[in-house]
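Heads up: the structure comes next, in structure tokens.
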Amino acid sequence: MEVTGLGQLGTGSPSAGNNVQTFDWITAFRTSSTACSDPTKGAEFDGTGQVFGETEMVNFTVAVCDNGPAGSGLDFFSFSAPSINYSKSATLTSGDITKSTGSSSTGSLLVSTSTSGTSLPASSYTATVDGATSQPIGINSRVTFTGLTATSHTVALNGVPTNCTVREGTSQTVTVPTGGTATAAFSVSCTATSGVEVSGTGQIGPGSPTAGSNLQTFTFDVKSDLSGTLTYTDYSIPGSLQVGPTFPGTGITALRTSSNACSDPTKGAEFDGTGQVVGEAEQLNFTVAVCDNGPAGSGLDFFSFSAPSISYSKSGMLTGGDIVKSTTSSPTTGQLTVTTTTTGTSLPSGYTVTVDGTTSQSIGIKSSVTFTGLTATSHTVALSGVPTNCSVSGGTSRTVTVPSGGTATVSYSVTCATPNQPPTVNAGSDETVLLGILYTETASFSDPNNDGPWSYTINWGDGSSTSGSTSSQGTISASH
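Position in the sequence shown (first residue = 1) + 25 = this note's numbering.
Shown next as structure tokens:
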């Protein structure tokens with residue numbers, strides 16, 4: 026099934042500020058739609074799209090109705106993106122929608138990645154379909170696999186560092202539609218493997234911590250993985266701003282490991298976040314810049330707090346307290362991804378992969394699994410459960426070194442052949458014969474492997490025998 030369309034709904038021209046929506050797609054997933062008065066004239070499809078000019082990916086659903094010819098104004102289009110509470114639908118004010126039956130027995134698979142956080146992968150991932158066909162894919166990118174059979178396929182995302190997690194898991198099963206495109210979206214979130222931590226407790230401005238004073242106090246602790254807390258109070262105005270787990274919706278959104286607010290930027294750091302004003306419903310976006318210029322009590326450290334949405338900004342050298350910038354350590358563990366590909370005939374149902382003889386996981390014949398939390402050292406990987414009619418290129422045991430904070434890979438290529446089976450012979454029932462009278466023996470045989478020609482020997486029981494050969498299965502006979 027294929028649906029195509031080009032048109033608009035709403036009034037006006039496609040320029041900024043007008044109530045007009047344009048669209049252009051060639052993807053089908055469900056071959057009818059209850060949005061149509063006649064559901065058989067409709068179709069629906071889901072997908073993941075890139076918002077132009079932004080890094081976010083949005084999941085969407087489209088419903089269409091092919092109710093009439095081009096320009097009739099009878100066709101219908103609906104677009105919704107629930108995650109951003111967006112929905113538009115109407116009959117077309119121009120253009121056309123066409124629903125037709127595709128003749129292709131293949132389709133495509135679009136794989137997309139969206140990666141956020143800190144200590145992001147330095148290189149791309151690898152997307153693999155059915156454990157056999159792979160393409161590199163950037164950390165915020167997409168690739169398309171074409172010519173796939175219109176059936177179920179397994180797509181795996183490999184090369185994901187241990188400091189990153191994949192919301193959907195590293196393996197997904199999707200169904201490729203005939204003549205259409207299936208999608209597999211991977212959302213990856215990463216935390217710091219090593220980096221910076223800034224913390225401080227102190228004050229800027231004159232006065233004492235009493236209402237009406239021109240004093241600002243702060244306490245914060247922020248790490249490169251964007252975990253952190255902040256309490257900021259300006260005694261000249263009511264309330265204080267808080268960031269922490271007891272204030273839902275608050276958090277640190279970015280950390281920069283240097284700051285131009287410092288005479289030596291390497292001694293500084295900046296972080297952005299969203300904070301809760303105590304006693305009020307609103308939450309504020311803010312930026313903090315700090316400089317660790319000297320020891321506690323030196324008066325050399327610097328603190329700045331700004332909230333642009335309310336035109337608020339305070340900064341100054343500390344009149345008390347201390348700010349510390351330090352380096353966090355790298356992890357001492359990594360992970361291992363094991364991949365299998367199997368070809369041939371008489372294939373098995375699966376294998377078992379074991380690391381260091383102790384930790385095991387089941388793995389499909391064309392699949393991949395990942396072992397996490399492994400020490401950053403050498404490990405032995407073994408593939409077991411391989412039938413005798415199959416051989417493993419390079420052997421079933423491998424030695425691999427897992428990098429700190431990274432991923433090692435091991436690939437097994439297995440080839441299988443149908444095992445040899447003996448023929449089945451039917452010599453007939455037992456018979457009584459007369460001595461001196463010619464007797465004809467008629468037998469039959471079959472061979473599951475059909476690997477002729479075949480030779481045979483009939484032992485007559487009187488010390489003599491008859492031998493022969495045949496090039497086809499079936500009946501053999503001889504007289505004695």
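From the three backbone atoms N, C-alpha and C, an ideal C-beta is built for every residue, glycine too. These numbers were taken from a predicted model, which means no experiment stands behind them.
Original post:
What three-state label does DSSP hand THR457 in the structure shown?
Top reply: Here residue 457 is taken as the residue at index 432 of the sequence shown, counted from 1. Of the three classes helix, strand and coil, the one that applies to THR457 here is coil, per DSSP.
Original post:
Going straight from the alpha carbon of THR421 to that of VAL378, what length do you get?
Top reply: Reading the sequence shown from its first residue, position 396 is the one you call residue 421. Reading the sequence shown from its first residue, position 353 is the one you call residue 378. One C-alpha to the other measures close to 9 Å.
Subject >> Cβ distance (whole Å) where THR73 is taken to contact SER137 below 8 Å >> reply: For the purposes of this step, residue 73 is taken as the residue at position 48 of the sequence shown. For the purposes of this step, residue 137 is taken as the residue at position 112 of the sequence shown. So it is a contact: roughly 6 Å between Cβ atoms.
Subject >> Among SER371, THR200, THR384, SER436, nearest to ASP71 - alpha-carbon criterion >> reply: What you label residue 71 is simply residue 46 of the sequence shown in a count that begins at 1. Residue THR200 is the option with its Cα nearest to ASP71.
**OP:** Return yes when the Cβ of GLY359 is within less than 8 Å of the Cβ of ALA407, no when it is not.
**Re:** Your numbering for residue 407 matches position 382 in the sequence shown. Your numbering for residue 359 matches position 334 in the sequence shown. Going by C-beta atoms, ALA407 is not nearer than 8 Å to GLY359.
Original post:
Which parts of the region 86 to 136 are runs of the alpha helix (DSSP H), unbroken and 4 residues or longer, counting only runs that do not cross its ends?
Top reply: none
Original post:
Between PHE330 and TYR257, which are expected to be in contact by the criterion C-beta below 8 Å, what is the C-beta distance as a whole number of angstroms?
Top reply: On the sequence shown, residue 330 is found 305 positions in, with the first residue counted as 1. On the sequence shown, residue 257 is found 232 positions in, with the first residue counted as 1. That belief holds up - the Cβ atoms of PHE330 and TYR257 are roughly 6 Å apart, short of 8 Å.
**OP:** Helix, strand or coil for SER385, going by three-state DSSP, please let me know.
**Re:** Taking the sequence shown and counting its residues from 1, one reaches residue 385 at position 360. DSSP places SER385 in strand when its eight states are reduced to three.
Original post:
Hey, GLY156 and SER392 are a contact pair by Cβ (cut 8 Å); roughly how many whole angstroms apart?
Top reply: Translated into the one-based positions of the sequence shown, residue 156 becomes position 131. Translated into the one-based positions of the sequence shown, residue 392 becomes position 367. The pair is a contact, with the Cβ atoms about 5 Å apart (cut-off 8 Å).
Subject >> Coarse secondary structure for ILE335, derived from DSSP in three states >> reply: Within the sequence shown, residue 335 is the residue found at index 310, counting from 1. The answer is helix: DSSP assigns ILE335 an H, G or I state.
Original post:
With a Cβ-Cβ cutoff of 8 Å, do GLU295 and GLY264 count as a contact?
Top reply: Start at 1 with the first residue of the sequence shown, and residue 295 comes out as number 270. Start at 1 with the first residue of the sequence shown, and residue 264 comes out as number 239. The answer is no: Cβ separation not under 8 Å.
**OP:** Starting from the Cα of PRO320, find the closest Cα among GLY346, LYS248, TYR260 and give me that residue.
**Re:** Here residue 320 refers to the residue found at position 295 of the sequence shown. Looking at the Cα atoms, GLY346 is the closest of the given residues.
Subject >> Rounded separation between ALA88 and ALA442 - CA only >> reply: Looking up residue 88 in the sequence shown gives position 63. Looking up residue 442 in the sequence shown gives position 417. The straight-line gap from Cα to Cα measures roughly 48 Å.
Original post:
Just the Cα atoms here: how many angstroms apart are VAL349 and GLY322?
Top reply: In the sequence shown, the residue the question calls residue 349 occupies position 324. In the sequence shown, the residue the question calls residue 322 occupies position 297. Approximately 12 Å, taken between the alpha carbons.
Subject >> Closest residue to VAL427 among LEU361, SER119, ALA503 (Cα-Cα distance) >> reply: Walking along the sequence shown from the start, residue 427 turns up at place 402. Nearest C-alpha to VAL427: LEU361.
**OP:** Helix, strand or coil for THR467, going by three-state DSSP, please let me know.
**Re:** To locate residue 467, count along the sequence shown from 1; it is residue 442. Residue state, collapsed to three classes: strand.
Original post:
On the three-state DSSP scale, how would you describe THR256?
Top reply: To locate residue 256, count along the sequence shown from 1; it is residue 231. Three-state DSSP puts THR256 in a strand.
Original post:
Taking only runs of the beta strand (DSSP E) that begin and end inside the region 288 to 373, which ones reach a length of at least 3 residues, in chain order?
Top reply: 293 to 302, 308 to 316, 327 to 332, 337 to 353, 358 to 369
**OP:** Could you check how far apart the C-beta atoms of TYR150 and LEU182 are, in whole angstroms? I think they sit under 8 Å.
**Re:** Indexing the sequence shown from 1 puts residue 150 at position 125. Indexing the sequence shown from 1 puts residue 182 at position 157. Indeed they touch by this definition, with Cβ atoms about 5 Å apart.
Original post:
With distances taken from CA atoms, which of ASP476, GLY453, PRO473 is nearest THR465?
Top reply: Here the question's residue 465 lines up with position 440 in the sequence shown. Among ASP476, GLY453, PRO473, the Cα nearest to that of THR465 belongs to GLY453.
Original post:
Are the beta-carbon atoms belonging to PRO448 and SER416 less than 8 Å from one another?
Top reply: Here residue 448 refers to the residue found at position 423 of the sequence shown. Here residue 416 refers to the residue found at position 391 of the sequence shown. No, Cβ-Cβ distance for PRO448 and SER416 is not below 8 Å.
**OP:** In angstroms with no decimal places, state the Cα-to-Cα distance between TYR481 and HIS404.
**Re:** Taking the sequence shown and counting its residues from 1, one reaches residue 481 at position 456. Taking the sequence shown and counting its residues from 1, one reaches residue 404 at position 379. C-alpha separation (whole angstroms): 54 Å.
Subject >> LYS66 in three-state terms, based on DSSP >> reply: Counting from 1 along the sequence shown, the entry for residue 66 is found at position 41. Correct three-state label for LYS66: helix.
**OP:** If I'm right that LEU280 touches VAL303 with Cβ under 8 Å, what's the distance once you round it to whole angstroms?
**Re:** Mapped onto the sequence shown, residue 280 falls at position 255. Mapped onto the sequence shown, residue 303 falls at position 278. Contact flag wrong, Cβ pair sits at about 24 Å.
Original post:
Between THR140 and ILE229, is the Cβ-Cβ spacing less than 8 Å?
Top reply: In the sequence shown, counting from the first residue as 1, residue 140 sits at position 115. In the sequence shown, counting from the first residue as 1, residue 229 sits at position 204. No.
**OP:** Identify which residue in PRO273, THR282, THR244, ALA236 has its Cα closest to the Cα of ASP250.
**Re:** As a first step, residue 250 must be located in the sequence shown, where it is residue number 225. Here the closest residue by C-alpha is THR282.
Subject >> Coarse secondary structure for THR200, derived from DSSP in three states >> reply: Counted from its first residue, the sequence shown places residue 200 at position 175. Looking at THR200 - three-state DSSP - the assignment turns out to be strand.
Original post:
For THR208, which three-state DSSP category applies?
Top reply: Here residue 208 is taken as the residue at index 183 of the sequence shown, counted from 1. Three-state result, THR208: strand.
Original post:
Is ALA236 buried or exposed, if buried means 16 or more other CB atoms sit within 10 Å of its CB?
Top reply: Position 211 of the sequence shown holds residue 236. Exposed: under 16 other Cβ atoms inside 10 Å.
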